[in-house]
Structure formats: structure tokens, C-alpha cells
Amino acid sequence: MVKAAYLFSGQGQQFAGMGQDFYKTEPAYRALVDEASQILDQDFADPAVMDDPVNTQLAIVIFSLGVERILRQEKLRAEKFVGLSLGEYSALLAAGSFSLADGLAVIGDRARYMSEAGKQNPGQMVAVLNAEPSVVDEALADAREVGDVFPANYNTPKQTVFGGNAEGIERFSAALKAAGVKRVVPIKMPVASHTPYMMPASARLAERLANVPVQEPQIPVISNTLKAPFTVSNLKETLAKQLTHPTYFTDCLNSLNVDELDCLIEVGPGKALSGFAKKTLKKAELPIFNVDRVENLNKLREFLVTKQAKEPVS
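Written out as C-alpha cells, the structure is:
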């Protein structure tokens, strides 16, 4: 069996027609989407479902779970899961910590809580690349004189996302550019996630999770917040805390023991996490696949066939 770690995509990587090719050609994917659609009483095979922003988080998770169901049929042994933000829910569902019905219900409510918290505390987010820490610290100090800015996502050693209010983010961005930082990229997010601006959502999520049954993950899932595995005892508290605290995806990647793996597989839309892995694990000569279209799935399948052919017969 080929040993792999799975990286589950977060929000913002969805694309038009997402999952349509899998739905037509992969029965395991289609079965998962149909089951989720029945649970939610909405057709998540219909691309129009994402016209409602609250459904976007659900659509990403359902897509990711459908892809993971396909991978279960391949000659793969999943060693560890890492999800970025929303992707942690995909990972925990795939690892059996929630039932599908409970997990989807929580994700839908989480999306609503975040949206309502964003209206209460409007925020913005910006990605900063290739900036010296001292320059970032000076820009933060300057920006905090007029507004709020918080680190939100430590994606790679050279990329960090910050969130805050408009005044703080605008001043922060201007200070970085004035200091010569060339890549200061606004992110299209409706809320300042993973910052204290999500405290109302975090409190509601903690209350919502209180009576939801959870199980020990059957496959280790590394928490972005803890930089350590989820357990049945820390899962609920950590998911609520996740909304207001930074994600440490770089540390999660570094915990994967890549020397013991044959490949990394990004499960879900886009290839952002594949890119983060390539930048973070530069010394590891590890194949990385993003499985978001049938053509990319076929590339993975070709790799698996080749890898299996090279393995000694026992």
C-alpha cells in the first residue's frame, strides 16, 4: 500500500463546476453527494447551490468528502490528515469523529455564525509574502495606532495572513508597501476569520457543539490551533477556539514525518495547500497531488500503478 498524508482544503478555493466531472464518472463520489443532499434537503450536485454564501462551506466539505471516498478505493494507506481551517471539518468527518448528519449540521451553523459575527464586526484580510519579521512588527505597531490587525494564518515560512478592521488593515498594508514589501495581497473573505472578531461565532459554536456526539479520530488529524492531534477530549473546545486563534499550517506540515510517506494528496478544491507544502517541505522529495478534477485523479492513479509495480512482491 502507498502511504500518504491528506491535506483538506479550506475556504476560498471553490470553482465553477466543482465536482461535476466526479459526479458523472465516480460512483463513490456520487453516492456521498447524494447522501449529503438528502440529509440537507438541498441538491449539492447542482452548482447553483453555491449561489447562497452560507452553502459554500458545506459545498467544499461535501466535495472534499466525496474525493476522500474515491481515494478509499485506491491502494492508499492514509497515515495522517491535516485540514486548513474549514478543512479540519472535512478531515474529522473523514476520520469518523462526526456522523455525516451531525458534521454537516454543525458546518452549516458555523457558516451562519461566522456570517453574523462578520456583520457585527466587519473585517478584512490580507496575505503578506516574503517580508522580514522586523518589518512586519513595525508595520503592525504603526497600524495598531489606528485600528486592529491580528495574525490569522501562518501558511508557509514566507506567507502569513492577517485580519482586522478596515482602518487597521489599510494602514498595515500601506506601511508594508512603504517599507518595500512587494507582495501584500488582499484576500476575498467576507469576515476576519481566526481573529478575536469571531468571538461571537466562537461562543455560539461552543454551545452548539456541547451536545454533539464525537468519536476518537480513526486516523490522526493534526489541529491547526494546537499543532498536535485532535482527541475526543479536546475536539470540541479546539474547534470553537479555532475561529478566534491563528492557524499554524506550517507547523502541521512539519509534523508529518514526510520521510515515512510516499506522497501528499490535497483533498478538495484548488491547489493552495499543495503550494504551501512545496514551499514548506522544500527538502523533501515527495510527490504532491491535488485531486480536484478527474484529470488530476488520473495522474494520482498513474503514480499509484507505477509505485505498486516497483514494490517487491512478498
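First residue of the sequence shown: 7, per the numbering used here; consecutive thereafter.
Ideal Cβ positions, reconstructed from N, Cα and C, are used throughout, including at glycine.
Closest residue to residue i among the options (Cα-Cα distance)
i, options, result
"E301", "A10, A137, G25 and G16", "G25"
"Q221", "F236, M7 and F255", "F236"
"K285", "V311, T166 and S229", "T166"
"A22", "A133, D52 and K316", "D52"
"I66", "P275, M205, C258 and G124", "P275"
"A147", "I175, P196, I113 and K164", "I175"
"G169", "A180, S239 and P157", "P157"
"K183", "A207, P223 and A133", "A133"
"S229", "N159, D298 and P202", "N159"
"L71", "K86, G93 and Q130", "G93"
"E173", "A101, N260, L215 and N127", "N127"
"A97", "V227, L259 and E266", "V227"
"Q19", "D49, V55 and Q63", "Q63"
"M204", "T250, A216, F87 and Y95", "T250"
"P139", "S280, K164, S121 and K288", "K164"
"F104", "E144, P223 and D265", "P223"
"L292", "L279, M131, L267 and N304", "L267"
"V197", "E151, Q130, S91 and A185", "Q130"
"F69", "A42, A290, A246 and K289", "A42"
Cβ neighbour criterion (16 or more within 10 Å) applied to residue i
i, result
"E213", "exposed"
"S15", "buried"
"K188", "exposed"
"N136", "exposed"
"Q314", "exposed"
"M7", "exposed"
"V297", "buried"
"R78", "exposed"
"T231", "buried"
"E74", "buried"
"V142", "buried"
"P252", "buried"
"N171", "buried"
"E272", "buried"
"K316", "exposed"
"A181", "buried"
"P219", "exposed"
"T201", "buried"
"S199", "buried"
"V190", "buried"
"A145", "buried"
"D154", "buried"
"G186", "exposed"
Assigned secondary structure, residue i (DSSP; H/G/I helix, E/B strand, else coil)
i, result
"P139", "helix"
"F309", "helix"
"N61", "helix"
"Q126", "helix"
"P329", "As shown, the chain starts at 7 and ends at 320. That puts residue 329 outside it, with no answer to give."
"K164", "coil"
"M24", "coil"
"K86", "strand"
"G93", "helix"
"K316", "helix"
"A101", "coil"
"V112", "helix"
"V132", "strand"
"G72", "helix"
"A37", "helix"
"G174", "helix"
"A42", "helix"
"V218", "coil"
"K9", "strand"
Near the ligand SAM: residue i beta-carbon under 6 Å from a heavy atom
i, result
"F309", "No copy of the ligand SAM appears in this structure; indeed no ligand is present at all."
Other residues of its chain near residue i: CB distance less than 6 Å, five sequence neighbours each side excluded
i, result
"I76", "E32, A34 and Y35"
"G5", "Any answer about residue 5 is impossible in this case: the structure gives the chain only from 7 up to 320."
"E122", "none"
"R118", "V60"
"A207", "Y119, M120, A123 and L249"
"Y95", "V67 and I113"
Same chain only: Cβ atoms within 7 Å of residue i, ignoring 5 sequence neighbours per side
i, result
"A84", "A10, Y12 and I225"
"T162", "T256, F282, K285 and T286"
"A107", "I45"
"Y29", "Y35, R36, V39 and A51"
"D115", "R214"
"V238", "V220, Q221 and E222"
"L149", "The sequence given here has Ala at residue 149, not Leu. The answer, listed in chain order, is V155, G174, R177, F178 and A181."
Cβ neighbours of residue i in the same chain (closer than 8 Å, five flanking residues each side left out)
i, result
"K81", "M7, V8, L310 and Q314"
"K233", "Y254, D257, C258 and S261"
"V152", "E173, G174 and R177"
Start-end ranges of the beta strand (DSSP E) lying completely within the region 225-305, minimum 3 residues: Counting only runs of at least 3 residues, the region 225-305 fully encloses the following beta strand (DSSP E) elements, listed from N- to C-terminal order: 269-273 and 294-297.
Could you pull out every unbroken beta strand (DSSP E) segment of at least 3 residues lying fully inside the region 177-207, listed in chain order? Whole beta strand (DSSP E) segments, 3+ residues: 189-193.
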